[in-house]
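Protein chains in written order, with the working numbering: chain F, 421 to 643; chain V, 421 to 643.
2 protein chains.
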Amino acid sequence: MSQGDVPANPRVEGGNGATRERNEREILAAAERVFAAHGYRGASLADIAEQAGLPKSNVLYYMGSKRGLYVRLLERMMARWNALLDDISVDDDPAEVLEAFIRSKMQLSRRHPEGSRLFAAEILGGAPFLQEYLRGDLRDWVQARAAIFRQWAERGLMDPVDPVWLIFLIWSATQHYADFEAQVLGITDRESLSDADVEAITAFLTRVILKGCGVRPRTEPAV
Amino acid sequence: MSQGDVPANPRVEGGNGATRERNEREILAAAERVFAAHGYRGASLADIAEQAGLPKSNVLYYMGSKRGLYVRLLERMMARWNALLDDISVDDDPAEVLEAFIRSKMQLSRRHPEGSRLFAAEILGGAPFLQEYLRGDLRDWVQARAAIFRQWAERGLMDPVDPVWLIFLIWSATQHYADFEAQVLGITDRESLSDADVEAITAFLTRVILKGCGVRPRTEPAV
DNA sequence: AAGCTTCTTGACCATTCGGTCAGGAATAAT
DNA sequence: ATTATTCCTGACCGAATGGTCAAGAAGCTT
């Protein structure tokens, strides 16, 4: 990473031992929590090490540097993200696609709340590490989807709303339940969100957003 | 705040001088930027002082402590927030209320993006300073509005959607353009959002959300 | 002009920061 | 059993952290 002078530590690359794997997992999990809660600058290796149950030196032995650890976490989160960015075609059913979109995004936020918050903190701080990704792969992906949405609109399958704003709407609405969890729980007087809650929220979002942009639900006749 | 041993500094309370006012404004603005970008822990007084164009000691002279400065910023943001939490009644027009709600929230995010991000960072970190506010005033406000939304639904003025999820949807969708500004700009290949952009987004959100929960726009007849 | 309050700031402090390193412990290879 | 390699960690480093303080500068009030 053009970081210079890190010739040693070839072990960092290939992981084979079992304890190594466990330790790395523990460190990544702890680091994700700490970075998510305090951002890149606010996170401290001492905190991470303590939460991972290891001495600070050991964390650095495995991860090389704070920056390297952070980048690795970001990349892991991007990989999870990309895993659900399946391709769609103009011939797919808008209702199915949009519902799957909302649902999978919601599940990602629920399955990896810390990673979701880590991502949010990165963007909040101006995305110093993710500029390239945002202006590259992610932009392309959004534009491709937007093009399909426009074609659906032309075919009368949905209202002619701006597809990019629509994608942002879905992102924000789903991401909210991970990033603003503290607010949601505080206001609704809950300890945590149950599976039933998440299902209800998903159904609500699907219903409102689909109806809101004139997409007829699957198998249901027009009103 | 039960912080103990801060008997001195009576000047911190009453502000009258003109230079004092200017310096305080400068410090608060700089601090809002830094706290927003890096969170409470990640922000440094040296950074804030430099951006305010003052020596670090002077910042502490005016603000007492990092914690005090942060709390003051949060309170200022809550005050801005409360300023647009006007009361509504069951007899108001749902379309008007919801549109005004979306619009004013959008304007708040646009007028005070740093404050908006500061708030977001606080929530992201588990809202250590805002627990009380969330579980108190804000919860009450949400529940009051929710009750009215339910009555509207009973009267057939809107679909019987869960009002709390609806409020969260509006919050998240509008907040997104401040908090995730870096993402929005990166993906849409913009330098900044123009007034026209914001107006278009507001119109989009109003249209989709109102239609999505079955609220008929003002002055328009039923479909 | 004297005296008082407010303002300003460089020097300084204890603590914590990310990171290095030497050397011992554990493990694998022969 | 003896290397050789990998793993582990306490001690340590310079830099940065939030905060204190004393002493001077500036501005009123009398």
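Yeah, the Cβ is synthetic: ideal placement off N, Cα and C, and Gly gets one too.
Treat the numbers as computed from the prediction; the structure is a model and nothing was measured.
CB-CB under 6 Å to residue i, same chain, minus the five flanking residues each way: which ones, in chain order?
i	result
Met-526 of chain F	Thr-594, Thr-622
Ala-472 of chain V	Glu-446, Ile-447, Ala-450
Arg-453 of chain V	Glu-534
Leu-577 of chain V	Pro-514
Trp-572 of chain V	Pro-514, Met-578
Val-426 of chain V	With a pLDDT of 27 at Val-426 of chain V, under the threshold of 50, the modelled position of that residue is not reliable, and the figure given next carries that caveat. If we look at Val-426 of chain V and ignore the five residues flanking it on each side, it has no Cβ neighbours.
Asp-467 of chain V	Val-454
Phe-539 of chain F	Met-497
Arg-530 of chain F	Val-618
Leu-625 of chain F	Ile-522, Ala-593
Arg-610 of chain F	none
Val-584 of chain V	Ala-566
Asp-582 of chain F	none
Ala-438 of chain V	none
Could you work out which residues of chain F lie near residue i, taking near to mean beta carbons separated by less than 9 Å?
i	result
Ile-603 of chain V	The question names Ile, but residue 603 of chain V is Gln in the sequence shown. Within chain F, the residues near Gln-603 of chain V are Ile-543, Ala-547, Leu-550, Leu-554, Leu-558, Phe-588, Trp-591.
Asp-599 of chain V	Ala-540, Ile-543, Leu-544, Ser-592, Asp-599
For residue i, go through chain V and note every residue whose CB falls closer than 7 Å to its CB, in chain order.
i	result
Trp-585 of chain F	Ile-621, Phe-624
Cutting at 7 Å between CB atoms, please list the residues of its own chain near residue i, excluding the five before and the five after it.
i	result
Glu-542 of chain F	Leu-494, Phe-549, Leu-550
Ile-537 of chain V	Here the sequence assigns Arg to residue 537 of chain V, which means Ile is not the residue at that position. Closer than 7 Å at the Cβ level, and outside the excluded window around Arg-537 of chain V, lie Ala-456, Ala-598, Asp-599.
Leu-586 of chain F	Phe-569, Cys-633
Val-628 of chain V	none
Ala-547 of chain V	Leu-554
Phe-521 of chain V	Ile-590
Glu-601 of chain F	Pro-533
Met-498 of chain F	Tyr-553
Would you mind telling me which residues of chain F sit closer than 7 Å to residue i, beta carbon to beta carbon, in chain order?
i	result
Lys-631 of chain V	Lys-631, Gly-632
Ile-522 of chain V	Correct list: empty, because the minimum Cβ distance to chain F is about 12 Å.
Return the chain-ordered list of same chain residues with a C-beta closer than 8 Å to the C-beta of residue i, the five sequence neighbours on each side being excluded.
i	result
Ala-642 of chain F	Note on Ala-642 of chain F: pLDDT 48, under 50, position unreliable in the model; the coordinate value appears next. Counting only Cβ-Cβ distances below 8 Å, and skipping sequence neighbours, we find Arg-636.
Ser-612 of chain F	Leu-605
Arg-417 of chain V	Nothing can be reported for residue 417 of chain V, as the shown portion of chain V is limited to 421 through 643.
Asp-615 of chain F	none
Val-517 of chain V	Ile-508
Could you tell me which chain V residues have their CB closer than 9 Å to the CB of residue i, listed as they occur along the chain?
i	result
Val-581 of chain F	Phe-624, Arg-627, Val-628
Val-562 of chain F	Ile-607, Thr-608
Using 7 Å as the cut-off, classify the Cβ of residue i as near or not near the heavy atoms of the ligand ADP, replying yes or no.
i	result
Pro-583 of chain F	Because no ligand of any kind appears in the structure shown, any question about the ligand ADP cannot be addressed here.
Would you call the region 552-569 of chain F and the region 562-569 of chain V touching, i.e. three or more CB-CB distances under 8 Å? no
Given 8 Å, three or more beta-carbon pairs between the region 435-452 of chain F and the region 489-508 of chain F: Result yes; three or more Cβ-Cβ pairs closer than 8 Å.
Please confirm if the region 501-520 of chain V is in contact with the region 466-484 of chain V, defined as three or more CB-CB distances below 8 Å between the two stretches. no
Whole alpha helix (DSSP H) elements within the region 509-574 of chain V, 4-residue minimum: 514-531, 533-544, 559-574
Minimum length 4: unbroken alpha helix (DSSP H) runs contained in the region 562-631 of chain F: 583-599, 601-608
Interfacial residues, the region 447-480 of chain V to chain F, with Cβ spacing under 9 Å: Against chain F - using a Cβ distance shorter than 9 Å - the residues of the region 447-480 of chain V are Ala-456, Ala-457, His-458, Gly-459, Tyr-460, Arg-461, Gly-462, Ala-463, Ser-464.
Members of the region 525-539 of chain F near chain V, C-beta cut-off 9 Å: The region 525-539 of chain F vs chain V, Cβ under 9 Å: Arg-537.
Mind listing which residues of the region 605-617 of chain V have their C-beta closer than 8 Å to chain F's C-betas, in chain order? Gly-606, Ile-607, Thr-608, Asp-609
Going along the region 477-503 of chain F in order, which residues come within less than 8 Å of chain V, judged by CB to CB distance? none
Those runs of the alpha helix (DSSP H) which lie wholly inside the region 442-473 of chain V and span at least 4 residues: 465-472
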